[in-house]
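> The opening residue of the sequence shown carries number 14 in the numbering used here; numbering runs sequentially from there.
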Amino acid sequence: MKNSVSKYKKGILFALGTVATLGVVSIVAASCAKPLINVNSINTYYKVPTSTESQAFHSLYKTMSNEGTRAFVLGGFMQPPALLSGLENNVFNKDSIALLVDIGFAENDETKAKLNNIKDKLSRVSSVVFNVEEAAFLAGIATAYQLNSNQERFLKDNKGLTWGGYVGINLSSTTPFLAGFSAGVKWANEKLKDKDIKQENSQTTKKYVEVKEQQLVQNSSAVGGFDVGMGDKVVNEFIDLDVDVLLVVAGGGQSRDAVQRVNSSSKDIMIVGVDVPQENDPLTNVKFGNKEAPIHFSIVKNMDTIVARTLKKATEQPQPFVGNNSEFKKEDEYKLGVHTAAGIDSGAVGISEPGHKYLIAATNLATNQQLVNYSDVVNYFLNKDDVYKQFLANDNLEYVASKGVDKDQKTAQTEKWTHPRAKSFYLSTASSDVFKKAYELADQKDKEADQNKYPKDYYKKLLVAQILSFPGDILADGAFNEKIFNGIVKFYEQVGITIPKPNQK
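#1: Considering Cα atoms alone, identify which of L135, G89, E80 is closest to N103.
#2: I'd like the span of the alpha helix (DSSP H) that includes A327, first residue to last.
#3: Rounding to the nearest angstrom, what Cα-Cα distance links Q403 and V362 in this structure?
#4: Would the region 184-200 count as touching the region 340-355 if we require 3 or more Cβ pairs under 8 Å?
#5: Are E223 and N202 touching if we call contact CB-CB under 8 Å?
#6: Which same chain residues end up closer than 6 Å to L100 when comparing Cβ atoms and leaving out the 5 residues on each side of it in sequence?
#7: Between which residues of its own chain and K199 is the CB-CB distance below 8 Å, once the five residues before and five after are set aside?
#8: Cα separation between T124 and Q92?
#9: Is it a yes or a no for the region 243-260 touching the region 426-437, going by three-plus beta-carbon pairs under 8 Å?
#10: Measure how close the beta-carbons of L324 and V477 come, nearest whole angstrom, since I'm counting them as under 8 Å.
#11: Beta carbon of I282, beta carbon of V299: below 8 Å?
#12: Run through DSSP, which three-state label would T9 get?
#13: Could you tell me the alpha carbon to alpha carbon distance between G360 and S234, rounded to whole angstroms?
#14: Please classify Q507 as buried or exposed, where buried requires at least 16 neighbouring CB atoms within 10 angstroms.
#15: Please tell me whether S140 and G117 are closer than 8 Å, where the distance is taken between their beta carbons.
#16: Is the beta carbon of R274 sitting closer than 8 Å to the one on I308?
#17: Give a yes or no on contact between the region 495-503 and the region 318-338, applying the rule of three or more CB pairs nearer than 8 Å.
#18: Could you tell me whether the Cβ atoms of S445 and P295 are closer together than 8 Å?
#19: When you compare only the Cα positions, how much space is there between S311 and A443?
#20: Mapping DSSP to helix, strand and coil, what is V230?
#21: Any idea what DSSP makes of D524, helix, strand or coil?
#22: Residues in its own chain within less than 6 Å of T353 by CB, not counting five upstream and five downstream?
Structural data, given as structure tokens:
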């Protein structure tokens with residue numbers, strides 16, 4: 014009996030101990046459970062590196078992967094080297110994909126060798142660059158016509174019609190703006206010569222006046238960077254040279270600088286925007302006194318559309334590539350494992366809406382067409398205009414730039430800038446399905462999640478995020494970063510999901 018009681022007591026004690034232990038385990042488990050990430054905060058959808066070193070980006074890869082990110086949207090020229098080393102060293106999550114926006118991997122021999130060694134991993138990478146010269150050509154035509162349809166305004170200085178442009182750095186992503194714009198102005202000068210141009214806000218017409226490019230004399234066409242203030246001397250020189258139009262390809266900060274300096278001058282100068290519709294940005298396109306805001310329309314990269322398109326493709330069952338290394342096929346554009354040179358034919362680049370009327374009018378007058386819509390004009394140039402078709406067929410883009418004054422000869426010098434025209438090619442032999450699987454898994458988890466605890470579409474909302482390029486970068490910049498992020502917003506909208514936008518807290 015005593016033994017039975019003892020066994021009974023031991024049983025009670027064991028049971029109590031087990032309950033206590035389970036209680037402790039439950040408490041520990043509860044305390045170790047991951048807190049829910051706030052998917053209603055925009056901070057969930059983008060991160061800023063602490064430095065421009067690759068390790069800073071690698072740290073973000075790890076942190077964001079742990080938070081559920083499976084599609085990394087990467088814009089800016091600091092991203093490719095960091096991603097390459099991340100892939101080489103298996104720092105970049107093997108279940109994740111990367112989208113490089115407006116940039117690709119360097120095409121030097123060293124980088125090509127490294128890429129060749131990780132070809133299988135590149136099936137999880139898509140890179141997109143933009144053939145902006147195709148849109149800049151049309152912007153040159155529109156600008157030449159706009160100047161000529163406002164001759165009373167722009168010829169009152171009796172110095173003819175002129176334009177000038179500069180870049181932050183001579184790069185394959187900047188100089189094509191100038192090369193295309195210059196070619197478009199030349200097209201207008203040839204095709205509209207001796208034509209009667211209807212004047213805006215008037216029933217009168219005036220003969221077309223040639224639009225000439227004004228080269229810099231004292232300064233170089235490349236100011237050495239994209240920081241605020243670096244282009245001030247160049248803009249001041251162009252103002253002193255009485256240009257009628259400025260094309261600034263040096264970042265949003267220098268665009269704002271140019272607007273401020275033009276507004277502060279006594280000159281009547283228009284500015285052509287770049288990358289995004291800068292005419293709509295109240296922080297950039299500022300009206301001053303009796304002057305109208307100087308940016309009328311822009312040469313745009315539709316980065317939001319392309320980001321959304323690429324992410325959507327990544328959720329679909331990958332199909333074998335139609336083309337091969339010998340011949341790229343357009344059907345493979347925007348797929349994982351592909352570097353896409355995105356052009357005007359796919360809507361990746363163009364000119365913003367306020368410039369359409371000038372382009373349409375110029376095209377109809379020059380070619381005796383009766384085109385009504387911007388898309389009709391684009392199709393005309395792509396299919397029927399021999400000059401434009403030859404421009405697109407050229408392997409290289411050339412632009413004659415200013416070198417500034419030679420210190421010895423005391424005369425202005427020029428040089429030819431040449432860049433290979435961007436072309437699409439294959440990074441890998443196939444497209445990965447890892448994001449398709451990640452999306453399907455997240456969708457399943459959302460369906461099974463306790464709706465009282467988890468926000469709607471919680472796991473799917475964690476899948477996509479953007480990494481900015483520099484410490485101190487801001488998302489709501491009204492330009493590059495924001496345009497890319499809007500592509501993430503569009504992607505989610507396509508599947509019926511709403512996430513915060515940059516102008517929201």
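A virtual CB, placed ideally from N, CA and C, is assigned to each residue, including glycine.
Straight from the coordinates:
#1: In the sequence shown, counting from the first residue as 1, residue 103 sits at position 90. Measuring from the Cα of N103, the nearest candidate turns out to be L135.
#2: For the purposes of this step, residue 327 is identified with residue 314 of the sequence shown, where counting begins at 1. Note, A327: alpha helix (DSSP H), 316-327.
#3: Locating residue 403 in the sequence shown gives position 390, counting from the first residue. Locating residue 362 in the sequence shown gives position 349, counting from the first residue. Taking the straight line joining both Cα atoms gives about 18 Å.
#4: no
#5: Reading the sequence shown from its first residue, position 210 is the one you call residue 223. Reading the sequence shown from its first residue, position 189 is the one you call residue 202. Yes.
#6: Working through the sequence shown from its first residue, we reach residue 100 at position 87. The answer, listed in chain order, is I131, K134.
#7: Translated into positions along the sequence shown, residue 199 becomes position 186. Only G153 meet the Cβ criterion.
#8: Here the question's residue 124 lines up with position 111 in the sequence shown. Here the question's residue 92 lines up with position 79 in the sequence shown. For T124 and Q92, the distance between alpha carbons rounds to 14 Å.
#9: no
#10: If you number the sequence shown from 1, residue 324 lands on position 311. If you number the sequence shown from 1, residue 477 lands on position 464. Right, their Cβ atoms sit about 6 Å apart.
#11: The count along the sequence shown starts at 1 and reaches residue 282 at position 269. The count along the sequence shown starts at 1 and reaches residue 299 at position 286. Not a contact, by the Cβ cut-off of 8 Å.
#12: A query on residue 9 cannot be resolved here, the shown segment of the chain reaching from 14 to 518 and no further.
#13: On the sequence shown, position 347 is the one that residue 360 refers to. On the sequence shown, position 221 is the one that residue 234 refers to. Cα to Cα, G360 sits roughly 29 Å from S234.
#14: Here residue 507 corresponds to residue number 494 of the sequence shown, with the count starting at 1. By the 10 Å Cβ count, Q507 comes out exposed.
#15: As a working note, residue 140 is residue 127 in the sequence shown. As a working note, residue 117 is residue 104 in the sequence shown. Their beta carbons are under 8 Å apart, which means S140 touches G117 by this criterion.
#16: For the purposes of this step, residue 274 is identified with residue 261 of the sequence shown, where counting begins at 1. For the purposes of this step, residue 308 is identified with residue 295 of the sequence shown, where counting begins at 1. Going by C-beta atoms, R274 is not nearer than 8 Å to I308.
#17: yes
#18: For the purposes of this step, residue 445 is taken as the residue at position 432 of the sequence shown. For the purposes of this step, residue 295 is taken as the residue at position 282 of the sequence shown. In this structure, P295 does not lie closer than 8 Å to S445 by Cβ.
#19: By one-based count along the sequence shown, residue 311 stands at place 298. By one-based count along the sequence shown, residue 443 stands at place 430. Computed Cα separation, rounded: 36 Å.
#20: What you label residue 230 is simply residue 217 of the sequence shown in a count that begins at 1. DSSP places V230 in coil when its eight states are reduced to three.
#21: Shown here, the chain extends from 14 to 518; a query on residue 524 therefore has no answer.
#22: In the sequence shown, residue 353 corresponds to position 340, counting from 1. Contacts found: V141, E346, Y347, S437.
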